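Participant: Reading the sequence shown from the start, the letters are residues 502 to 605 in the working numbering.
Even glycine gets a Cβ: it sits at the ideal position worked out from N, Cα and C.
Being a predicted model, the structure only gives us computed values, none of them experimental.
Pasting a structure below so you can have a look.
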Amino acid sequence: MEWSNEVLEQYSRQMLVDEIGFEGQARLFETAVVLRGPEPWRGWASRYLRASGAQVEEVEADRLSLEEADGRIIEIDLGDGRGASLRHLGLALAGWLYEHVSST
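Put into structure tokens, the structure is as follows:
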């Protein structure tokens, strides 16, 4: 990933967050995932992940899941398909993002 002025400007606020920083953002740029699931859930999750800097490939499926390059699959439970489902989706993606930007 080339750190052009445009890229730095686009992601500068994320890089200023202590939990992300420059190194965490660089890890997100290097991360590629396959997102499987039904619309509109797949589309919402995809936008969230792309906004973080991750590379996302989308595949239509019945259940929502996130597959990493190492083969690990994270199933995202959407519950009953109502408001709680958005909370489940947000928590699952936030947890995944935190795991990928933390410097462990």
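1) To which residues does DSSP link SER566 through a beta bridge?
2) Ends of the alpha helix (DSSP H) at VAL508?
3) Kindly list the residues whose CB is nearer than 6 angstroms to the CB of GLY525, restricted to its own chain and excluding five residues on each side of it in sequence; keep chain order.
4) DSSP beta-bridge partners for VAL560?
5) When you compare only the Cα positions, how much space is there between SER505 and ASP581?
6) Could you tell me the boundaries of the alpha helix (DSSP H) in which ALA546 lies?
7) Got a sec? Which residues, its chain only, sit under 8 angstroms from ALA546 by beta carbon, not counting five neighbours each side?
8) Between which two residues does the alpha helix (DSSP H) holding GLU600 run?
9) Alpha carbons only, please: which of ASP563, ALA555 and GLY554 is nearest the one belonging to GLU540?
10) Could you tell me whether the Cβ atoms of LEU592 and TRP542 are closer together than 8 angstroms?
Facilitator: This is what the structure gives:
1) Answer is ARG537 and GLU576.
2) Residues 506-517.
3) Once the five neighbours on either side are set aside, the close Cβ partners of GLY525 are VAL602.
4) Bridge pairing for VAL560: ARG537 [DSSP].
5) Those two C-alpha atoms are separated by around 43 angstroms.
6) Annotation: the continuous alpha helix (DSSP H) that includes ALA546 extends over 542-553.
7) The residues are LEU536, GLY538, LEU565, LEU567, ILE577, LEU590 and LEU594.
8) Element bounds for GLU600: 584-602.
9) Selection ASP563, ALA555 and GLY554 evaluated against GLU540 yields ASP563 as nearest (Cα-Cα).
10) Contact annotation: LEU592 and TRP542 have beta-carbon atoms that are not nearer than 8 angstroms.
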